[in-house]
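**Q** One structure follows; several queries about it will come next.
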Amino acid sequence: METQTIKNKETDLTVTERISGSEAIVRCLIAEGVKVLYGYPGGAIMPVYDELYKYQDKIHHVLTRHEQGATHSAQGYARISGEIGVAIATSGPGATNLITGIADAQIDSTPMICITGQVPSHLLGSDAFQETDIVGISSPVTKWNCQVTKASQIPEAIAKAFFIAKSGRPGPVLVDITKDAQFEEFDFSYQKCTKVRSYVPVPKTVSGTLEAAAKLINGAKKPMIIWGQGVVLSEAEEAFKAFVEKSGIPAAWTILGASALPTSHRLNVGMLGMHGNYAPNKLTNECDVLIAIGMRFDDRVTGDLTKYAKQAKVIHFEIDPSEIDKNVKTDVAVLGDAKATLTAILPLINENTHTAWHQEFKDLYAIEYEKVIKDDLYPTKEGLTMGEVIHQINVHSNGDAAIVTDVGQHQMIACRYAEFNKTKSNITSGGLGTMGFGLPAAIGAKMAAPEREVVSISGDGGYQMTIQELGTIFQQKAAVKVVVLNNDFLGMVRQWQQLFFDKRYASTEMINPNFVAIAEGYYLKARKVTKREDLAAAVKEMMESKEAYFLEVCVEKEGNVFPMVPSGASVSDIRLS
Amino acid sequence: MSTEKQLFTISVYTENNIGLLNRISAIFQRRHINIESLNTSPSEIEGVSKFTIVVNMTDENMKKIIGQIEKQVEVIKAYYHKDEDTIYQESCIFKMQSDLLFEERQIQNIIKDSNARIVTVNKSFFVIEKSGRKEEVDLIYKELKPFGILQFTRSGRVSVSKQPMEISQMLTAFN
């Protein structure tokens, strides 16, 4: 903890006060504006919980039913609000249970702080009860982490954690604090961290790159924009919209970028990647200039890299220099924060409409509509589709809901068909693909934005990975709308087994419990729909409910998600059936 | 851009913090890259540590790895160099039985010819030290081996670059 942080001179006058390390932790959180944190108590973190009890009028602790739930709730909180989510747990198993959520936050660049208790410092390395090397374990999946063994180190460590988690490309940070440091008294004062010597949150935009990018864009005949979460994280939505509208360039999104531009926007041409829309995938390999903004060319987006946009000049707007040329070779890299770079490039961009080029997207959309979308959203055959459920949610939410999804078929369908009017409305586990993410993330989202309608959509598999968080919903009176699209299968794996493993359905069929009874066991209003004629009314009832509501929809068992870019295939080889 | 693997010497300037070695080595482990040698030490700047890492990889992957290393919050700056762009040395010591020194005249010639030196001699053993390039260390090892080596330890590479690495200026700019 000897790292040089540069003290902010204005706050240097803070009065010192003699308090315990554990009280200091809570005071630091309050000083950083934390109002809600998610966690689970245990031996090594008990002094902090004792202080949380004393400060409960200033900071609200949410007892989740599992530490993994605490991390996902903190993630949901962060994703809908843009603020840092905070999770807290004890040492040993409490700490290791955080790991999945931390890894998820790392790969999806979610600002999160995890505070873990640790055995007293004199027991470190002795295999003490509930001792685990959480700093070692979490290193590969945190943006930064540290262990604190003295109370006097707490303010600097927490200040640094908050600065690092949120600045630049955000990510999770873990601070591990030994129990003796929590008990120890010291002279407390708190200064926010504004600078870390070895850390450059936002790289300088290299001189000339904006001009070079503008020249390529202005000269392009078939340009295409692909955007990701960077637009959301830098709160660049307005600058992005202005850029898209002035340039007239069709824009497609990654699932983490969804909702940064409204679904209904005329220049929004849909979703990229494995289960994305037909047109943007196909035309990635026909555009002449590909403009990537705040996205990282994930393999689920690019498919086979050797056949990805080889004909195009690639411009990459990116805050993280290590992403440049990592997967796709860039012609012009525009380093910096998306809001700043998009604002700066706008005056250099010529107005355009690209009418003929847009027509190509429309023509391909028409094909996809006929072959896939029509039957997903307005099916006539027996058996409910996941798509028609999402359609009903759109109808009854007017596209204003935040949609929180789990992982699998329902996630792809929800991302494809949910209508988003507002930014930060698609909360999902993209990079890690964490089943069990959805329900606890929805709790965090609802608590961060109580004024918003938050709909959690899960499959029957992922739902049961964190189903115990229904207890948190009940205890917190979080008015989350919980939808389970039940096909009695681990549907996405089953789809792959059908397509690539000759229908050998190894361990994907689920014999499920009575989900309605379980929800009612947690005192939630609950309803089950098995027939099309009941769907609209049930969704309406759910959306109109002022309290939490559970809706199970039994959908067709062997429905598949299309279009599909088979794993390892080129985006041009996207299949419609 | 070369797709051939070659030796690179990576120099990483960092804060002196517990756990950073773990983070840096994990970058290689995760990508299944073997580290040929690794040395950590204080650098020319007070309070700043320096990692010197030797790896065998392609130029393209090297650039990506440097990006991943610099992404670590407590890394100040990372550089990579080909062998011809650095001055580098390794060091090694041999412990051998003392009677060999008198019975095998050849050993004294090896020490003389290879510019090695005797660090200590006592009744039972003597210790030879040799610093030099990798090939020189390889050679003296090969020459001494037939006589029976009791213990042998070889250091990681230490290196300085021919071109400046302007860390001090960079740190001044931060402040």
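Sequences listed follow chains A and B, in order.
Residues in the first sequence are numbered from 5 upward in steps of one, following our numbering.
Residues in the second sequence are numbered from 659 upward in steps of one, following our numbering.
For glycine and all other residues, C-beta sits at the position ideal for the given N, C-alpha and C.
(1) Where does the unbroken alpha helix (DSSP H) through Asn149/A begin, and where does it stop?
(2) With 8 Å set as the bound, which would you pick, yes or no: does the beta-carbon of Ser433/A sit closer than that to a beta-carbon of chain B?
(3) Decide if Arg815/B is buried, meaning its Cβ has at least 16 other Cβ atoms within 10 Å, or exposed.
(4) Mind checking Asp191/A: buried by the 16 CB within 10 Å criterion, or exposed?
(5) Could you work out which residue in Val411/A, Gly563/A, Ser143/A, Phe133/A is closest to Asp379/A when comparing CA atoms only?
(6) Can the beta-carbon of Thr267/A be found closer than 8 Å to that of Phe478/A?
(7) In the DSSP assignment, find the beta strand (DSSP E) that holds Glu322/A and state where it starts and stops.
(8) Answer with buried or exposed for Gln809/B, where buried requires no fewer than 16 other C-beta atoms within 10 angstroms of its C-beta.
(9) Looking at Gly448/A and Ala78/A, is the spacing between their C-beta atoms short of 8 Å?
(10) Output, in chain order, the set of chain A residues within a Cβ distance shorter than 9 Å of Glu694/B.
(11) Under the rule that 16 or more other beta-carbon atoms within 10 Å means buried, what is Gln764/B, buried or exposed?
(12) Return the CA-CA distance between Lys164/A and Ile158/A, expressed in angstroms with no decimal places.
(13) Check whether the stretch 135-153 of chain A and the stretch 80-100 of chain A touch, using three or more Cβ-Cβ pairs below 8 Å as the test.
(14) Quick check: the Cα distance between Val179/A and Ala169/A, rounded to an integer number of angstroms?
(15) Taking C-alpha atoms, which residue in Ala216/A, Glu386/A, Gly435/A lies nearest to Ile353/A?
(16) Looking at the C-beta of Arg689/B, does it have a partner C-beta in chain A at a distance below 8 Å?
(17) Are there 16 or more other CB atoms within 10 angstroms of the CB of Tyr194/A, so buried, or fewer, so exposed?
(18) Below 8 Å between beta carbons is the criterion; list the residues of the stretch 206-217 of chain A that meet it against any residue of chain E, in chain order.
(19) Looking at the structure shown, is Leu3/A part of a helix, part of a strand, or coil, going by DSSP?
(20) Any C-beta of chain A sitting closer than 8 Å to the C-beta of Gly790/B?
(21) Less than 8 Å separating the beta-carbons of Ser429/A and Ser263/A?
(22) Is the shortest distance between the beta-carbon of Arg201/A and the beta-carbons of chain B less than 8 Å?
(23) Please confirm whether any heavy atom of the ligand COA lies closer than 7 Å to the CB of Gly448/A.
(24) Thinking C-alpha only, which one of Thr182/A, Arg83/A, Gln72/A, Ala109/A is nearest Ser24/A?
(25) By DSSP, does His739/B sit in helix, in strand, or in coil?
(26) Determine whether the beta carbon atoms of Glu189/A and Ala155/A lie at a separation below 8 Å.
(27) One question on the structure: do Ser695/B and Met823/B come within less than 8 Å of each other, judged by their Cβ atoms?
(28) Output, in sequence order along the chain, the residues in the stretch 102-124 of chain A whose CB is closer than 8 Å to any CB in chain B.
(29) Closer than 8 Å by C-beta to Thr2/A: which residues in its own chain qualify, once you throw out the five before and the five after it? Chain order, please.
(30) Taking any Cβ of chain B, which residues in the stretch 300-326 of chain A have a Cβ under 9 Å from it, in chain order?
(31) Nearest-angstrom Cα distance between Thr672/B and Phe709/B?
(32) Give the straight-line distance between the Cα atoms of Ser819/B and Val712/B, rounded to the nearest whole angstrom.
(33) List the residues of chain A whose Cβ lies closer than 8 Å to the Cβ of Thr672/B, in chain order.
(34) How about Lys147/A: is its C-beta nearer than 8 Å to some C-beta of chain B?
(35) I want to verify the contact list: residues of chain A whose CB lies under 9 Å from the CB of Arg775/B, in sequence order.
(36) Leaving aside the five residues before and after Gln110/A along the sequence, list all residues of the same chain whose C-beta is less than 6 Å from its C-beta, in chain order.
**A** Answer, in terms of the structure:
(1) Residue 149/A sits at position 145 when you count from the first residue of the first sequence. Here Asn149/A belongs to no alpha helix (DSSP H); instead the beta strand (DSSP E) covers 148-152.
(2) Stepping through the first sequence from its first residue, residue 433/A is reached at position 429. Ser433/A does not count as touching chain B.
(3) The residue given as residue 815/B occupies position 157 in the second sequence. So Arg815/B counts as buried.
(4) In the first sequence, counting from the first residue as 1, residue 191/A sits at position 187. Label assigned to Asp191/A: exposed.
(5) Within the first sequence, numbered from 1, the residue matching residue 379/A stands at position 375. Ranking the options by Cα distance to Asp379/A, first place goes to Gly563/A.
(6) Locating residue 267/A in the first sequence gives position 263, counting from the first residue. Locating residue 478/A in the first sequence gives position 474, counting from the first residue. Their beta carbons are not under 8 Å apart, which means Thr267/A does not touch Phe478/A by this criterion.
(7) Working through the first sequence from its first residue, we reach residue 322/A at position 318. First-last of the beta strand (DSSP E) with Glu322/A: 317-322.
(8) What you label residue 809/B is simply residue 151 of the second sequence in a count that begins at 1. The Cβ neighbour count for Gln809/B, taken over all protein chains shown within 10 Å, is under 16; the residue is labelled exposed.
(9) Against the first sequence, residue 78/A aligns to sequence position 74. Against the first sequence, residue 448/A aligns to sequence position 444. With a cutoff of 8 Å on beta-carbon distance, Ala78/A and Gly448/A are scored as near each other.
(10) For the purposes of this step, residue 694/B is identified with residue 36 of the second sequence, where counting begins at 1. Ordered by position in chain A, no residue passes the 9 Å Cβ test against Glu694/B, which lies about 22 Å from the chain.
(11) Here residue 764/B corresponds to residue number 106 of the second sequence, with the count starting at 1. So Gln764/B counts as exposed.
(12) For the purposes of this step, residue 164/A is taken as residue 160 along the first sequence, with counting starting at 1. For the purposes of this step, residue 158/A is taken as residue 154 along the first sequence, with counting starting at 1. Those two C-alpha atoms are separated by around 10 Å.
(13) yes
(14) Along the first sequence, one-based indexing puts residue 179/A at 175. Along the first sequence, one-based indexing puts residue 169/A at 165. Cα to Cα, Val179/A sits roughly 11 Å from Ala169/A.
(15) What you label residue 353/A is simply residue 349 of the first sequence in a count that begins at 1. Residue Ala216/A is the option with its Cα nearest to Ile353/A.
(16) As a working mapping, residue 689/B is identified with position 31 in the second sequence. Chain A contact via Cβ: absent.
(17) Walking along the first sequence from the start, residue 194/A turns up at place 190. Tyr194/A comes out buried.
(18) Here the protein chains are A and B, and chain E is not one of them.
(19) Within the shown structure, residues of chain A are numbered from 5 to 581, placing residue 3/A beyond reach of any answer.
(20) Position 132 of the second sequence, counted from the first residue, corresponds to residue 790/B. Using a CB distance cut-off of 8 Å, Gly790/B does not count as an interface residue toward chain A.
(21) Position 425 of the first sequence, counting from 1, holds the residue named residue 429/A. Position 259 of the first sequence, counting from 1, holds the residue named residue 263/A. One thing to note: Ser429/A has its Cβ within 8 Å of the Cβ of Ser263/A.
(22) Taking the first residue of the first sequence as position 1, residue 201/A is located at position 197. Yes, its Cβ sits closer than 8 Å to a Cβ of chain B.
(23) The ligand COA is absent from the structure shown, which contains no ligand whatsoever.
(24) Stepping through the first sequence from its first residue, residue 24/A is reached at position 20. It is Thr182/A.
(25) Walking along the second sequence from the start, residue 739/B turns up at place 81. His739/B falls in the strand class under three-state DSSP.
(26) Here the question's residue 189/A lines up with position 185 in the first sequence. Here the question's residue 155/A lines up with position 151 in the first sequence. Taking 8 Å as the Cβ cut-off, Glu189/A and Ala155/A qualify as a contacting pair.
(27) As a first step, residue 695/B is located in the second sequence; it is residue number 37 there, counting from the start. As a first step, residue 823/B is located in the second sequence; it is residue number 165 there, counting from the start. It is not a contact, given that the beta carbons lie outside the stated cut-off.
(28) Here the close residues number zero.
(29) The structure shown does not extend to residue 2/A, since chain A spans only 5 to 581, so no value can be given for it.
(30) Asp324, Pro325, Ser326
(31) By one-based count along the second sequence, residue 672/B stands at place 14. By one-based count along the second sequence, residue 709/B stands at place 51. C-alpha separation (whole angstroms): 8 Å.
(32) Stepping through the second sequence from its first residue, residue 819/B is reached at position 161. Stepping through the second sequence from its first residue, residue 712/B is reached at position 54. Taking the straight line joining both Cα atoms gives about 13 Å.
(33) Counting from one through the second sequence, the residue named residue 672/B turns up at place 14. Chain A residues near Thr672/B: Ser202.
(34) If you number the first sequence from 1, residue 147/A lands on position 143. Output row for Lys147/A: interface = yes.
(35) Sequence index remark: in the second sequence, residue 775/B carries index 117 (1-based). In chain order: nothing, as chain A lies at least about 37 Å away.
(36) For the purposes of this step, residue 110/A is identified with residue 106 of the first sequence, where counting begins at 1. Taken in chain order, the residues that qualify are Val145, Gly175, Pro176.
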